[in-house]
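Residue numbers (this note's numbering), protein chains in the order written: chain A, 246 to 675; chain B, 7 to 355; chain C, 2 to 250.
For every residue, glycine included, the Cβ atom is placed at its ideal position computed from N, Cα and C.
Values in this document were obtained by computation on a predicted structure and should not be read as measured data.
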Amino acid sequence: MQRHPMTRLALAAATWLLVQGLLLATAGVARAEQRPAAAGEPIRIGVLVPLSGIGAAAGKDATDGWNLWWQRHGRTVAGREIQSFIEDTAGNPDLGLSKARLLVEQRQVHMLVGTVFASVGLAVATYVEQVGIPTFYPIAAADDLTQRHRVPNLMRIAGWSSSQVTHPFGEWVATTTPCRRLVTLAADYAFGHEAVGGFVNTFTDVGGQVLEQIWHPIAETDFSPYLARLAATRPDCVFAMPVGAPIIRFIQAWHDLGLWGRIPLYVGEVVTDQAILRGIDPPDLVVGLISAGHWAEGRDDATTQEFVRLYEDAYRILPSYYAAAMYTAAQWLTRAITAANGRVEDRQAFLQTVRATQLQETPFGPARLDDYNHPIFNVYIREVVKRPDGRAWNVVRHTIPNVSQFYKYDPEAYLRQPVYSRQYQGINWP
Amino acid sequence: MRTAWTWASVAVLGTLGMFAPLYLPAFYLRLLTESLIYAMFAMSIDLLAGYAGLVTLGHAGIFGISAYLVGYLTARLGLPMHVTFPCGVLGAVGASLLFGIMAVRTSGVYFLLITMAQGMIVWGLAFRWTSVTGSENGIRGILRPDALATQQAYYYVILGAFVLVAFLLVRLVRSPFGLSLLGLRENEARLRALGYSVWLHRLLAFLVSGCFAGIAGAFYAFHNNFVSPDAVHFVLSGQGLLMVILGGAGTLVGPVVGAGVFIFLRNVVSLYTDRWPMVLGALFVLTVLLAPQGLVGLARQLLRRWPAGAEPAPVGSTLPYGVVSPQPLDGRNNPAPHQPTNHPGKRRR
Amino acid sequence: MAAVPALQLEEVTRSFGRLQAVDGVSLRVEAGERRAIIGPNGAGKTTLFNLITGELPLTRGRIFLFAQELTHLPVEARIAQGLGRTYQVTNLFPQLTVEQNLLLAALGLTRTKFRMLAGLPRSGPVREQVERLLAEVRLEYARQRPARELSHGEQRQLEVAMALASRPRVLLLDEPAAGLSAAERVMMGSLIRALPRDLTVVFIEHDMDLALGLADRVTCLHYGQIIAEDTPDRIRTNAQVQRVYLGVG
Chain A
246 MQRHPMTRLA LAAATWLLVQ GLLLATAGVA RAEQRPAAAG EPIRIGVLVP LSGIGAAAGK
306 DATDGWNLWW QRHGRTVAGR EIQSFIEDTA GNPDLGLSKA RLLVEQRQVH MLVGTVFASV
366 GLAVATYVEQ VGIPTFYPIA AADDLTQRHR VPNLMRIAGW SSSQVTHPFG EWVATTTPCR
426 RLVTLAADYA FGHEAVGGFV NTFTDVGGQV LEQIWHPIAE TDFSPYLARL AATRPDCVFA
486 MPVGAPIIRF IQAWHDLGLW GRIPLYVGEV VTDQAILRGI DPPDLVVGLI SAGHWAEGRD
546 DATTQEFVRL YEDAYRILPS YYAAAMYTAA QWLTRAITAA NGRVEDRQAF LQTVRATQLQ
606 ETPFGPARLD DYNHPIFNVY IREVVKRPDG RAWNVVRHTI PNVSQFYKYD PEAYLRQPVY
666 SRQYQGINWP
Chain B
7 MRTAWTWASV AVLGTLGMFA PLYLPAFYLR LLTESLIYAM FAMSIDLLAG YAGLVTLGHA
67 GIFGISAYLV GYLTARLGLP MHVTFPCGVL GAVGASLLFG IMAVRTSGVY FLLITMAQGM
127 IVWGLAFRWT SVTGSENGIR GILRPDALAT QQAYYYVILG AFVLVAFLLV RLVRSPFGLS
187 LLGLRENEAR LRALGYSVWL HRLLAFLVSG CFAGIAGAFY AFHNNFVSPD AVHFVLSGQG
247 LLMVILGGAG TLVGPVVGAG VFIFLRNVVS LYTDRWPMVL GALFVLTVLL APQGLVGLAR
307 QLLRRWPAGA EPAPVGSTLP YGVVSPQPLD GRNNPAPHQP TNHPGKRRR
Chain C
2 MAAVPALQLE EVTRSFGRLQ AVDGVSLRVE AGERRAIIGP NGAGKTTLFN LITGELPLTR
62 GRIFLFAQEL THLPVEARIA QGLGRTYQVT NLFPQLTVEQ NLLLAALGLT RTKFRMLAGL
122 PRSGPVREQV ERLLAEVRLE YARQRPAREL SHGEQRQLEV AMALASRPRV LLLDEPAAGL
182 SAAERVMMGS LIRALPRDLT VVFIEHDMDL ALGLADRVTC LHYGQIIAED TPDRIRTNAQ
242 VQRVYLGVG
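As structure tokens, then:
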């Protein structure tokens with residue numbers, strides 16, 4: 246009886262030793278990889294994307310877009326080689342944070358780019374604020390990343406925020422369509438709250454009325470009850486934004502309940518993004534759907550179409566906004582590194598250069614940063630159209646130029662309001 | 007001889023642990039810290055699943071309630087850690103009390119389902135109670151006091167807490183109460199007929215386990231400076247259980263090893279391949295098929311065979327705490343005495 | 002007025018659907034008495050035990066232990082009132098050692114069972130109790146063996162020891178000798194005979210010689226009803242008992 250605890254303890258010791266040994270061994274390997282930072286040495290960029298788990302498809306698009314830029318435009322900028330270290334976050338904040346630290350502390354990267362999920366982005370934000378490394382988020386859309394909780398060294402180059410594209414959309418619907426009485430239906434989480442909040446805020450500013458706001462669980466499988474309820478309130482139009490896999494079920498239910506053509510439907514950018522459109526069969530289900538977005542792969546513009554063609558040649562599919570954003574982020578960084586003469590080690594100066602970089606021609610259109618490290622760009626009112634090859638894409642029906650994350654509002658006053666949530670949708674503000 | 011070997015290992019282990027910040031680069035020190043936090047979490051699950059036979063799939067909920075409380079009080083209200091930490095743990099115990107009262111009257115698959123549902127309720131709250139939890143944006147900026155700001159300082163705090171938690175748990179499982187947990191697992195009807203109030207013992211086990219899960223959750227919030235719905239997600243409950251089974255249920259060493267292996271695989275193997283979840287899955291399947299008592303059980307068997315032909319292990323040396331699968335008492339399946347007690351098949355009532 | 006009976010049943014009934022497994026059984030067992038319950042298979046003997054300990058709820062009737070009513074108490078409270086039992090089908094903690102099985106049993110009615118940070122008792126009343134019981138049922142040599150590795154006979158001995166561990170006032174033994182070899186049977190008999198005289202023992206037994214040899218009085222159950230209750234000698238010659246039980250069995 247007395248000896249057993251000892252045996253167990255010994256086993257504990259042995260196994261833990263083994264784990265420590267493994268850690269130590271890998272640490273050794275990792276150390277050997279470290280090199281001192283110096284000009285002329287490669288510029289190391291850490292890229293955080295989900296390559297496993299639920300976000301793996303988006304992560305692949307993002308990686309493809311990122312790689313495409315460097316393949317097409319060369320991996321040498323200002324005389325220095327660009328090295329990308331792409332790490333998997335699995336869409337998990339813990340792991341994202343670990344990987345961010347790995348990239349910064351072990352790989353000694355000069356800057357970080359990435360994160361698809363807002364949760365991972367927010368987790369990483371606290372860390373990068375502490376260490377001051379230049380960090381760029383082209384995809385994660387959480388409003389407060391560049392608003393109430395902004396981080397000086399974190400910039401959303403080629404990025405967007407949830408309410409940025411819906412602000413002009415709400416106003417556009419209220420002023421150019423007959424719709425005055427609105428019902429919203431969206432996924433019940435922060436991205437949904439923020440995107441719908443943007444729409445509702447401007448929609449009500451110009452006299453529109455919100456009859457009801459319906460929030461559905463993010464992984465909803467059956468939309469019929471919501472749509473029945475929605476139809477019963479007899480709105481002039483509907484703004485809807487389910488996300489991910491439920492989107493196709495939502496579209497199907499909209500058709501099945503005979504709402505298509507009866508109630509005008511406006512949707513969020515992600516609903517008709519290529520990441521979703523590619524999987525919709527037949528594409529006729531969504532042809533004619535109106536949305537607003539900062540990305541429009543069908544935009545009649547040379548730079549946009551050059552990127553779309555390059556991407557299509559390389560990967561046989563049309564690019565989603567994940568791909569476009571990472572491609573454009575690479576373009577932005579190339580310009581900034583060139584302007585900084587390759588001196589990325591001076592973080593403050595480099596951040597300043599990135600902030601000052603203005604791009605006239607990107608796949609998104611012209612873009613520059615505001616005083617809050619967030620891009621000002623065009624917002625496109627898009628319509629889904631079937632191409633001659635049978636695939637659906639978003640073409641531009643109307644362009645609202647130079648939209649900032651605050652739209653027409655005064656930034657200071659805007660930031661005194663809370664971030665959009667279920668409780669606060671900006672209906673009575675301003 | 008065995009004792010000498012043990013003490014030598016403890017000495018080496020202690021030294022390695024004490025001086026880890028000196029030889030481990032910051033990133034790996036962080037991983038070590040993280041595995042110690044997850045080890046505490048996995049041990050709390052094992053207390054229920056491995057010892058008391060109550061397989062739970064909702065423990066991340068309790069873990070996360072503590073993490074969220076700490077996060078809210080620290081980041082939003084600006085309270086200091088010595089206030090928020092106990093609040094987090096107390097919150098976890100409170101939640102355990104509530105959940106426990108609901109769950110302990112069931113067992114087996116019903117217990118599993120009800121705890122899973124509880125975990126999902128917490129997740130739903132974390133996801134939808136935006137004004138408090140920030141929805142999937144979570145709560146960030148959960149900063150440690152300046153004295154603990156560095157990875158090194160925090161590591162020592164976690165190491166100390168881990169040693170304390172492990173010590174308390176070792177005492178617990180060897181106490182009369184610990185024995186009653188084994189009784190619960192083995193034959194709860196018989197335990198009742200010996201004068202034990204089965205539901206009270208289960209509830210106590212649930213509370214104690216919830217308390218330790220809460221400690222792990224509070225440390226987790228300060229470790230990441232961040233908490234999001236992933237910290238209360240069903241997946242984390244499953245991963246905790248996976249750590250327990252991987253390492254060896256019904257042992258305290260098992261969850262620690264399981265947590266270490268899990269964190270190692272997730273962070274280090276994923277540097278080399280995006281297919282790391284498959285590696286983890288394969289390891290898990292192999293463990294269940296070939297070493298149902300987990301890696302610790304396997305190591306024990308190997309150790310016993312190692313000095314081949316030496317004195318046979320004392321009968322029952324893997325008992326009381328090392329055995330996972332109860333066997334029918336009909337005599338057919340009784341192995342001959344002096345056989346290692348290794349039973350394939352999952353623990354299931 | 003007679004002494005308070007150790008165990009008293011009033012019209013105890015349990016039905017499963019339309020089947021009356023135990024049908025209006027009234028029984029009075031005096032303190033210190035050895036009472037055998039006999040009857041053919043399916044007579045409701047084990048069901049009766051389960052009703053007494055509370056493992057099955059009653060359909061109707063009342064149960065008293067030394068004039069204390071047990072009818073509405075849960076199992077563990079009835080045990081605390083001084084009831085102990087063994088099971089027909091061996092019912093132990095299979096992975097735990099003999100010693101642990103006994104410790105669990107001995108701790109059952111103490112507050113020590115809630116201690117979370119103390120070690121298992123190495124001395125004191127609980128430990129002494131365990132040691133005494135180990136000696137009484139002659140299992141000292143097997144104390145470190147898991148219950149599952151014991152022979153059937155040893156397991157039955159352990160069962161008796163566990164039932165005694167909570168120092169019951171009334172002990173219910175459900176076929177203590179079932180499945181035992183002749184030698185083990187003798188051993189079990191002497192074990193039961195050696196139980197303290199002030200302990201009330203009610204036992205179910207199929208082995209008539211053993212049952213009639215140990216009992217002060219015998220109750221015969223048939224289809225859930227008492228058909229006879231008498232001294233062993235008279236039961237042996239009771240025509241009804243012979244017809245339903247001895248003739249068959």
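Residue interval of the beta strand (DSSP E) (run including S152/C): No beta strand (DSSP E) contains S152/C, which DSSP labels as neither H nor E.
Cutoff 6 Å; reference V365/A; Cβ partners in own chain excluding five residues on either side: Contacts found: T334, P338 and G341.
Presumed contact (8 Å Cβ cut-off) between T573/A and A403/A, rounded CB distance: 4 Å
Supposed close pair A66/B, G246/B - CB separation, criterion 8 Å: 7 Å
T371/A and R146/B closer than 8 Å at C-beta: yes
Option nearest N647/A by Cα separation, candidates I290/A, V553/A and H539/A: When each option's Cα is compared against that of N647/A, the closest is H539/A.
Helix, strand or coil at K344/A [DSSP, three-state]: helix
Length of the line joining the Cα atoms of I525/A and A219/B: Using only the alpha carbons, I get a separation of about 44 Å.
Environment of R35/C [buried if 16+ CB atoms lie within 10 Å]: buried
Beta carbon proximity, S113/B to chain C, threshold 8 Å: Closer than 8 Å: no.
Among Y566/A, V515/A and L614/A, the one whose alpha carbon lies nearest that of F651/A: L614/A
When S167/C, R168/C, G225/C and Y88/C are compared against A179/C, the one with the closest alpha-carbon: Y88/C
Beta-carbon proximity of P313/A to L555/A, cut-off 8 Å: A small correction: the amino acid at residue 313/A is Leu; Pro does not occupy that position in the sequence shown. In this structure, L313/A lies near L555/A, with their beta-carbon atoms less than 8 Å apart.
Residues in the segment 312-337 of chain A having any Cβ partner in chain B nearer than 8 Å: E332, D333, A335 and N337
Ranges of the alpha helix (DSSP H) found wholly within the segment 71-154 of chain B, counting only runs of at least 4: Runs of the alpha helix (DSSP H) inside the segment 71-154 of chain B: 87-109, 114-134 and 136-139.
Any chain C beta carbon closer than 8 Å to F183/B: F183/B counts as touching chain C.
Cβ-based burial, H500/A [other Cβ within 10 Å; buried from 16]: exposed
Supposed contact pair Q328/A and P31/B - C-beta distance, whole angstroms, cut 8 Å: The Cβ separation is near 20 Å, so there is no contact.
Burial state of H438/A (16 or more Cβ within 10 Å): H438/A comes out buried.
Partners in chain A for E192/B, counting only beta-carbon separations shorter than 8 Å: Those within 8 Å of E192/B in chain A number zero; the least Cβ separation is about 18 Å.
Under 9 Å (Cβ pairs) to chain B, residues found in the segment 117-131 of chain C: Residues M117, L118, A119, G120, L121, P122 and V127.
Length of the line joining the Cα atoms of M117/C and V214/B: 10 Å
Chain B contact residues for N92/C, given Cβ-Cβ distances below 9 Å: N193, A195, R196, A199 and L335
G55/C vs P41/C beta-carbon contact at 8 Å: The answer is no: Cβ separation not under 8 Å.
Inter-stretch contact (C-beta, 8 Å, three-pair minimum) for the segment 192-211 of chain B and the segment 296-311 of chain B: no
Nearest residue (CA-CA) to V240/B, options L286/B, V128/B and S72/B: For clarity, residue 240/B is Phe in the given sequence; the question names Val instead. Minimum Cα distance to F240/B is reached at V128/B.
Neighbour flag for P27/B against chain A, beta carbons, 8 Å: no
Test: A282/A CB closer than 8 Å to a CB of chain B: Residue placement at A282/A is flagged as unreliable, the pLDDT there being 47, under the threshold of 50; the coordinate-derived value follows with that caveat. It does not; no Cβ of chain B falls within 8 Å.
Inter-residue spacing [alpha-carbon to alpha-carbon] between G43/C and R191/B: 31 Å
Residue from D616/A, P620/A and A601/A with nearest C-alpha to G610/A: P620/A
Every unbroken alpha helix (DSSP H) inside the segment 85-130 of chain C [4 residues or more]: The segment 85-130 of chain C contains these whole alpha helix (DSSP H) runs: 99-108.
Within-8 Å CB hit, R82/B to chain A: no
Close beta carbons around W417/A, own chain, < 8 Å, minus the five adjacent residues each side: Only A537, I626, H643 and I645 meet the Cβ criterion.
S406/A vs D388/A beta-carbon contact at 8 Å: Closer than 8 Å, so yes.
Reduced DSSP category for G300/A - H, G, I as helix; E, B as strand; rest coil: In the structure shown, G300/A adopts coil according to DSSP, grouped into three states.
Within-8 Å CB hit, T62/B to chain A: Interface with chain A (8 Å Cβ-Cβ cutoff): T62/B is excluded.
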